[in-house]
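Novice:
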Amino acid sequence: TSISLWTVVAAVQAVERSVDAHAARLLSLEQRAVSTEKKHLDCEKMVVEFGNQLESKLAVLGTLIQEFGQLQRRLENMENLLKNRNLWILRLPPGGEVPKVPLEGDTACVSLLQRENLEEWQRELCENLLGGRNECLIPLDQVISRPELLSQLQREAPCNGDEVASREVPAEPSA
1 TSISLWTVVA AVQAVERSVD AHAARLLSLE QRAVSTEKKH LDCEKMVVEF GNQLESKLAV
61 LGTLIQEFGQ LQRRLENMEN LLKNRNLWIL RLPPGGEVPK VPLEGDTACV SLLQRENLEE
121 WQRELCENLL GGRNECLIPL DQVISRPELL SQLQREAPCN GDEVASREVP AEPSA
């Protein structure tokens, strides 16, 4: 049985072509695998980055929820003050000076002693408003019922309770 040389050469060439085709296909698959691995690593990095951003946003959200709760309690307190007509406004001294003499007289100014008689949340509100300063709080209904007191506050004039009490409040506003 003799096989011709040309038959062997043809068979070897056919095997070489098949090996070349498989090598090309293998190379293509290898390139696709490398590309896919790179995309996978990029996705993992993005997931980690997204997780970090999500953690920071969750922390901010937690802080916002906590502040919302505090604001909601303050709003409820203010609503209660309005319902009870027990709303106080801060009397700021002119030019940011700290008053040397406590305000007295008929203005119903809330002193430190009077603050002790307030409910806990009202004392907390006063402490938050005043920040430990010796300033005066004036009831909002006093300011509304006494226009001269409001104009004094707007002009940042010193608040003298005796002077305000001695003035007569007109029954009808003048035109």
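Just so we're aligned, residue 1 is where the sequence shown starts under the working numbering, counting upward by one. Using N, Cα and C, we set each Cβ at its ideal position, and we do this for glycine too.
Which word fits residue 13, buried or exposed, when buried means at least 16 other C-beta atoms lie within 10 angstroms of its C-beta?
Specialist: Per the 10 Å Cβ criterion, exposed.
Novice: Would you tell me roughly how many angstroms separate the C-alpha atoms of residue 65 and residue 34, rounded to the nearest one?
Specialist: Cα-Cα distance, rounded: 46 Å.
Novice: Excluding the five sequence neighbours on either side, which residues of its own chain have a C-beta within less than 8 Å of the C-beta of residue 51, listed in chain order?
Specialist: Beyond the five residues adjoining it in sequence on each side, residue 51 comes within less than 8 Å, by CB distance, of no other residue in the same chain.
Novice: Buried or exposed for residue 61, please, with buried defined as at least 16 other CB atoms from any protein chain shown within 10 angstroms of its CB.
Specialist: exposed
Novice: In whole angstroms, what separates the C-alpha of residue 79 from that of residue 72?
Specialist: 10 Å
Novice: Roughly how many whole angstroms lie between the Cα atoms of residue 118 and residue 56?
Specialist: 41 Å
Novice: Residue 119 by DSSP, collapsed to three states: which one?
Specialist: In this structure, residue 119 counts as coil in the three-state DSSP scheme.
Novice: With DSSP collapsed to three states, give me the class of residue 35.
Specialist: helix
Novice: Assign residue 84 to one of three DSSP states: helix, strand, or coil.
Specialist: coil
Novice: For the putative contact between residue 121 and residue 84, defined by C-beta atoms under 8 Å, what is the C-beta separation to the nearest angstrom?
Specialist: The pair is not a contact, with the Cβ atoms about 12 Å apart (cut-off 8 Å).
Novice: Could you check if residue 125 is buried or exposed, using at least 16 other CB atoms within 10 Å of its CB as the buried criterion?
Specialist: buried
Novice: I need the DSSP call for residue 65, collapsed to helix, strand or coil.
Specialist: helix
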